[in-house]
Amino acid sequence: MNQLVIATKNKGKVREFRDMFSKYGIEVKSLLDFDQPIQDIEETGTTFSENAIIKAEAIANEFNIPVLADDSGIEVDALNGEPGVYSARYAGLEKDDQKNLEKVLKNLEGVPKPERTARFVCAAAVARPGEETFVRVGTCEGSITTEPQGDHGFGYDPIFLPTGSERTLAEYTSEEKNAISHRHHAIVQLEDWLKNA
Numbered sequence: 778m779n780q781l782v783i784a785t786k787n788k789g790k791v792r793e794f795r796d797m798f799s800k801y802g803i804e805v806k807s808l809l810d811f812d813q814p815i816q817d818i819e820e821t822g823t824t825f826s827e828n829a830i831i832k833a834e835a836i837a838n839e840f841n842i843p844v845l846a847d848d849s850g851i852e853v854d855a856l857n858g859e860p861g862v863y864s865a866r867y868a869g870l871e872k873d874d875q876k877n878l879e880k881v882l883k884n885l886e887g888v889p890k891p892e893r894t895a896r897f898v899c900a901a902a903v904a905r906p907g908e909e910t911f912v913r914v915g916t917c918e919g920s921i922t923t924e925p926q927g928d929h930g931f932g933y934d935p936i937f938l939p940t941g942s943e944r945t946l947a948e949y950t951s952e953e954k955n956a957i958s959h960r961h962h963a964i965v966q967l968e969d970w971l972k973n974a
């Protein structure tokens, strides 16, 4: 296999996946590369894995091609795992990164540093026509800062401090982030499949 469709319109995600897959000689395309508009797939799952499988299978079946879909987000322990599967639309359906992270910070007001633990989670599902879909889950452990720092990355990166780091993910270079990210940890688990794809 030399081509894989990533089931996303998020340019930040596409860039990260493209960087990761380039070493395998796999050309990555996204939903933005299709001529015809692709309807948003309703994510009705209650877990990241369920949503990733729903997206991957819907597009693989429609276009008869191998598809990787991921569902990812952030879980904050002091918020009982929120935003979780609602990470992209935590502050509203318009999916506003800034409003989302501001809502997390507001909800954590007064919560002491040791209790601000959180993790990024990525479930990556690979669907191929006529074959069983499989999914791998990666995490990146850390905590939530009290204010945004850094201007790289996207989403919740400016308020996420990886464990053992004094910089938020938004202060990492893309290469540094790719080496420790939840997406990276999910993809590493697909290595055997990738090597034989």
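My numbering puts the first residue of the sequence shown at 778, with every later residue one more than the last.
No residue lacks a Cβ here, since even glycine has one placed at the ideal position from N, Cα and C.
Contact check between the stretch 890-906 and the stretch 846-856: three or more CB pairs, one atom from each, fall below 8 Å, which counts as touching. Restricted to the stretch 883-957, the alpha helix (DSSP H) segments that are unbroken, complete and at least 4 residues in length are 951-957, listed in chain order. In this chain, the beta strand (DSSP E) harbouring G850 covers V844 to V853. Under DSSP, L781 takes part in a beta bridge, and its partners are V805.
Judged by pairs of C-beta atoms under 8 Å, the stretch 882-895 touches the stretch 853-868, as three or more such pairs exist. Straight-line spacing of the CA atoms in H962 and E908 works out to 24 Å. The closest CA to that of S920, considering only V914, P939, T910 and Q926, is found on P939. Short of 6 Å from the beta carbon of D934, and not among the five residues preceding or following it, lie these beta carbons of its own chain, in chain order: L946 and A947.
Nearest neighbour of K788 by Cα position, chosen from R944, A956, F931 and V965, turns out to be F931. H929 has its alpha-carbon roughly 21 Å from the corresponding atom of S799. Counting only the Cα atoms, K790 lies some 19 Å from T824. In this structure, D812 lies away from S951, with their beta-carbon atoms at least 8 Å apart. No residue range can be given for G861, since it is assigned to no alpha helix (DSSP H) and is classified by DSSP as neither H nor E. Put simply, of S942, L967 and E968 the residue whose alpha carbon is nearest the alpha carbon of I957 is S942.
Inclusion of I818 and I831 in the CB contact set at 8 Å is warranted, their separation being smaller than that value.
N955 and E793 have their alpha carbons spaced roughly 7 Å apart. Within its own chain, the residues whose Cβ lies closer than 7 Å to the Cβ of Q966, once the five positions on either side in sequence are excluded, are R913 and G915, listed in chain order.
In the DSSP assignment, G822 falls outside any alpha helix (DSSP H) and carries neither an H nor an E. Straight-line spacing of the CA atoms in I783 and C917 works out to 21 Å.
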